[in-house]
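In the numbering used here, the protein residues as written are 2 to 295.
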Ligand SMILES: [Ca+2]
Ligand SMILES: [Ca+2]
């Protein structure tokens with residue numbers, strides 16, 4: 002029996018080592034340590050109360066020279082019922098002189114590279130949200146700084162950290178659509194780009210219910226969490242020691258303003274062209290710093 006088990010064990014080990022990418026695609030349940038908030042003190046937050054975006058905390062960006070398969074415009078961003086709402090929909094008449102297409106939005110904690118509203122190095126960063134239910138697009142909570150574009154073979158000068166991206170709405174096998182992916186990118190977005198990923202982890206019915214997605218960041222690692230439970234950690238390329246700003250966005254898959262799911266593997270966009278919207282709803286973003294770094 003032991004021989005039998007070890008035979009199948011070696012087969013599985015063989016396939017796992019031959020096809021690590023394939024195994025990376027299988028979603029896993031978060032099963033690591035729980036976040037210990039007693040180590041931290043809150044340094045910044047937005048609970049999205051009231052009915053306007055707090056412009057002392059966030060800037061919108063109008064990306065009307067196409068943003069992947071659609072357009073970003075501030076009109077798709079609102080605050081109501083205790084949430085930030087980033088809508089995504091087809092506008093048959095376009096917007097502000099721009100052509101018909103899919104429009105959605107972004108908020109960032111900086112206006113431009115010389116006017117940063119909030120950035121922080123290290124700590125714990127968490128958002129509580131419901132994801133936009135559609136194929137052909139994805140929502141994300143992520144962080145950036147200018148050092149990401151610096152090509153030097155390392156990520157310690159600045160790394161794009163994708164706390165979560167909802168790339169899986171199309172996948173219904175083994176409830177895989179309920180999983181999100183987390184990862185990092187550094188050394189720009191050209192040939193020298195490098196990155197790593199912890200793979201896909203399950204949230205709890207994330208297109209209909211609130212879940213929290215968190216990142217603990219210290220000098221040793223980026224540690225990712227869903228609902229306060231660690232999913233995985235990365236330190237590939239060296240951990241950034243530069244402050245980073247926060248971004249909440251929805252992206253339409255495609256290029257040059259033309260929705261094209263094949264470009265990003267997130268399925269064909271299935272939003273009706275009558276203006277029906279899907280919504281990325283964010284209840285809060287909270288940022289903490291380690292007490293011993295304050
Ligand atoms: Ca670099
Ligand atoms: Ca709220």
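Quick reminder that beta carbons are idealized off the backbone N, C-alpha and C, glycines included.
Please report the distance separating the alpha-carbon of residue i from that of residue j.
i: residue 209; j: residue 114; result: 35 Å
i: residue 104; j: residue 274; result: 11 Å
i: residue 226; j: residue 218; result: 11 Å
i: residue 269; j: residue 232; result: 28 Å
i: residue 264; j: residue 292; result: 43 Å
i: residue 215; j: residue 125; result: 7 Å
i: residue 212; j: residue 205; result: 7 Å
i: residue 54; j: residue 116; result: 18 Å
i: residue 151; j: residue 120; result: 18 Å
Name the one or two DSSP bridge partners that residue i has.
i: residue 131; result: 282
i: residue 71; result: 68
i: residue 257; result: Residue 257 pairs with nothing; no bridge assigned.
i: residue 203; result: 180
i: residue 225; result: 216 and 233
i: residue 111; result: 117
i: residue 91; result: 103
Please look up how many angstroms separate the CB atoms of residue i and residue j, rounded, as I've assumed it's under 8 Å.
i: residue 201; j: residue 28; result: 4 Å
i: residue 159; j: residue 146; result: 4 Å
i: residue 223; j: residue 38; result: Their Cβ separation, rounded to whole angstroms, is 18 Å, which puts residue 223 and residue 38 out of contact at 8 Å.
Run the CB neighbour count on residue i, radius 10 Å, all protein chains shown included, and call it buried at 16 or more, exposed below.
i: residue 207; result: buried
i: residue 193; result: exposed
i: residue 74; result: buried
i: residue 91; result: buried
i: residue 190; result: exposed
i: residue 220; result: exposed
i: residue 69; result: buried
i: residue 101; result: exposed
i: residue 57; result: exposed
Touching or not, the region 240-248 and the region 100-119, by the rule of three or more beta carbon pairs under 8 Å?
By the Cβ rule, the region 240-248 counts as touching the region 100-119, because three or more pairs are nearer than 8 Å.
Taking 8 Å as the cut-off, does the region 185-200 touch the region 39-59 (at least 3 CB pairs, one atom from each stretch)?
For the pair of segments examined, the region 39-59 was found not to touch the region 185-200: the number of CB pairs separated by less than 8 Å stays below three.
Would you check if the region 137-152 and the region 160-168 touch, i.e. whether three or more CB-CB distances between them fall below 8 Å?
Result yes; three or more Cβ-Cβ pairs closer than 8 Å.
Count the CB pairs spanning the region 127-136 and the region 235-245 that are closer than 8 Å, and state whether there are at least three.
Verdict: no, contact absent.
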